[in-house]
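Numbering (this note's numbering), first residue to last: 21 to 553. Glycine is no exception: its CB is placed at the ideal position from the N, C-alpha and C atoms.
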Ligand code: FAD
Ligand code: DLZ
Ligand code: SF4
């Protein structure tokens, strides 16, 4: 076992505190009562976590680099850390195996751990209570603002769990952007002001990246060596991997981007992956930043530095609202949640989700930048790759795996509700009142992608038509029985009702032809998967 520090006595009866790779915060509940004289912190790089899906190379390198830096910070405080590296002799490759090995080497009186972010690991932890030779205490995850039980109470008896209702409760609970019990500015939500297209010639702010230091370069080299066939490139790696760097990233965002964040929140532009987005989700999800400090920083920027309310509110809603909400929903509805398939979608994921090789310029752009940066912003995830998956009827399980693989910030607690509920409507409306289906016109309105596309977004059917156009109506036709009665779908179904049979037949024909060509692609893909991912 690697790198033990000389403090304390082996064979003492301190506590063994397991810190997972996404719990890298000194205030995480498993460390709150740490006694450096007697306790040991255990951190383990294990192959099972890197391969339960074949994560983007940058995600693994980010986590290993951040874990190694965090372990060093703890040691700097005089804490005894047992840190197991991926390639250390005897590494069993699993959390359970490494805990057993540590307990055999250290005579700990009990194990303390913070509850994990994923159901899979939660089940593992339940088994530890039965199988490990010492008691196991699983503590609530204090990195979130809404405890799991509180969300469960709120969700009890409701079929529809609407974010907006939850968010208002969270504003009242935290007092963020509130004045005398009322929302600042007299409104809860300023989204209507947040839908601008990026003007031509608009100059975007320069973004800071973080040059990998020796520890991070080691982690990058390890990933290149050990996981060469995983999706993604490492060359552009520039994520913050320490708390100090994550705080610098947050300060940069608040000063340079937040004042405009709201206005262009939904915009997309070719070759510009970041726009005004925060780029903090990997750090936030790994514990390097907390939701509370990020929201407070945005609130302060409005109250003290004149950042417009629509920008501060729009940003705070993403974290205090959406992020807390999807996490609560995940724990309230798992494990049944992932098994629903309300629209009966079953088409295999097309090969181009991995290769980016497609004539659809919007998908090519988003997949390309995701391969390079392990990042796409919200509207790209929702309205490009997500919308296509919805209207092409792609199998939810395959789409969910893709989203869990390709982003540096992906963990099932946040990926699953976003994909299964928000994008695919596979939960039948628990999360969203209607599917977010859209034709090419939406992408054309919010981006410049269509200008560089070999399809024509203005054409509805025929060989040059944008596939989003006929797939959108094909989706409406195929799901008429399921969706036509939904009052929020009244408008498209009125338009569909006014369509003559000939038009419907054209749509069906073009959609079938296009979707068949995807299946043919897929049939050839077996051999390609290994080489191109
Ligand atoms: P910004 O746009 O600057 O937003 C700030 C922060 O708000 C983010 O860092 C994030 O913490 C939070 N946030 C915003 N929207 C959401 C949301 N819908 N759910 C949860 N948190 C949100 N986010 C992840 O962290 N991991 C995922 O695996 C993930 N999968 C997604 C899949 C789909 C299909 C969609 C539509 C969204 C997904 N999101 C996910 C949410 C969102 O896209 C990312 O959090 C965001 O793009 C991260 O970039 P940013 O830090 O620049 O975010
Ligand atoms: C994502 C990830 C990876 C790739 N590797 C590790 C690891 O080696 N050790 C570790 O402690 N955590 C890792 N993680 C994060 C875990 O997968 C995460 O803690 C669980 O999914 C629970 O949220
Ligand atoms: Fe995407 Fe259609 Fe625009 Fe091409 S024309 S970029 S496929 S929306």
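N- and C-terminal bounds of the alpha helix (DSSP H) containing residue i
i	result
residue 228	That residue, residue 228, is in no alpha helix (DSSP H); it is neither H nor E in DSSP.
residue 118	115 to 125
residue 33	Note, residue 33: premise wrong, no alpha helix (DSSP H); not H, not E.
residue 16	What the structure shows of the chain is the stretch from 21 to 553, and residue 16 is not part of that stretch, so it cannot be assessed.
residue 172	168 to 175
residue 87	77 to 96
residue 351	344 to 353
residue 4	As displayed, the chain neither begins before 21 nor continues past 553, which places residue 4 out of reach and without an answer.
residue 139	139 to 151
residue 516	510 to 517
residue 449	Careful: residue 449 lies outside any alpha helix (DSSP H) and carries neither H nor E.
residue 503	500 to 503
Which residues DSSP lists as bridging residue i, in chain order
i	result
residue 203	198
residue 158	133
residue 476	485
residue 414	367
residue 292	289
DSSP-derived helix/strand/coil call for residue i
i	result
residue 60	strand
residue 556	Residue 556 cannot be examined here, being either before or after the span of the chain that is shown, 21 to 553.
residue 394	coil
residue 278	helix
residue 246	helix
residue 546	Caution applies to residue 546, whose pLDDT of 41 falls short of 50 and renders its modelled position unreliable; the value that the coordinates give is listed next. Three-state result, residue 546: helix.
residue 192	helix
residue 287	coil
residue 377	coil
residue 538	helix
residue 356	helix
residue 329	helix
residue 65	coil
residue 38	strand
residue 533	helix
residue 304	helix
residue 316	helix
residue 22	Legend: pLDDT at residue 22 = 43, less than 50; position of this residue unreliable, value from coordinates given subsequently. Three-state DSSP puts residue 22 in coil, outside helix and strand.
residue 211	helix
residue 265	helix
residue 456	coil
residue 340	helix
residue 389	helix
residue 405	helix
residue 55	coil
residue 187	helix
residue 507	helix
residue 49	helix
residue 164	coil
residue 361	coil
residue 71	helix
residue 111	coil
residue 566	The structure shown has nothing for residue 566, since the chain only spans 21 to 553.
residue 553	Reliability of the predicted coordinates at residue 553 is poor, the pLDDT of 41 falling under 50, and the value obtained from them is presented with this limitation in mind. In this structure, residue 553 counts as coil in the three-state DSSP scheme.
residue 223	coil
residue 273	helix
N- and C-terminal bounds of the beta strand (DSSP E) containing residue i
i	result
residue 299	Looking at the DSSP string, residue 299 is not in any beta strand (DSSP E), and its letter there is neither H nor E.
residue 103	100 to 104
Presumed contact (8 Å Cβ cut-off) between residue i and residue j, rounded CB distance
i	j	result
residue 366	residue 415	5 Å
residue 131	residue 36	5 Å
residue 76	residue 425	6 Å
residue 43	residue 134	5 Å
residue 149	residue 156	5 Å
residue 213	residue 305	With a Cβ gap of about 28 Å, residue 213 and residue 305 do not count as contacting.
8 Å Cβ cutoff, residue i in contact with chain B
i	result
residue 433	Chain labels in this structure do not include chain B; a single protein chain is all it has.
Hey, is the segment 164 to 172 in contact with the segment 317 to 327, meaning 3+ C-beta pairs nearer than 8 Å? no
Evaluate the contact criterion for the segment 478 to 495 versus the segment 435 to 452: three or more CB pairs, one atom per stretch, below 8 Å. no
Inspect the CB distances between the segment 186 to 195 and the segment 332 to 350 and report whether three or more fall short of 8 Å. yes
With three or more C-beta pairs closer than 8 Å as the rule, is the segment 50 to 64 touching the segment 403 to 415? no
Are the segment 276 to 294 and the segment 467 to 474 touching by the rule of at least three beta carbon pairs closer than 8 Å? yes
Evaluate contact between the segment 235 to 246 and the segment 359 to 374, counting only Cβ atoms and requiring at least three cross-stretch pairs below 8 Å. no
Is the segment 258 to 276 touching the segment 214 to 229 in the sense that three or more CB pairs, one from each, lie closer than 8 Å? yes
Should the segment 242 to 254 be called in touch with the segment 77 to 85, which here means at least 3 C-beta pairs below 8 Å? yes
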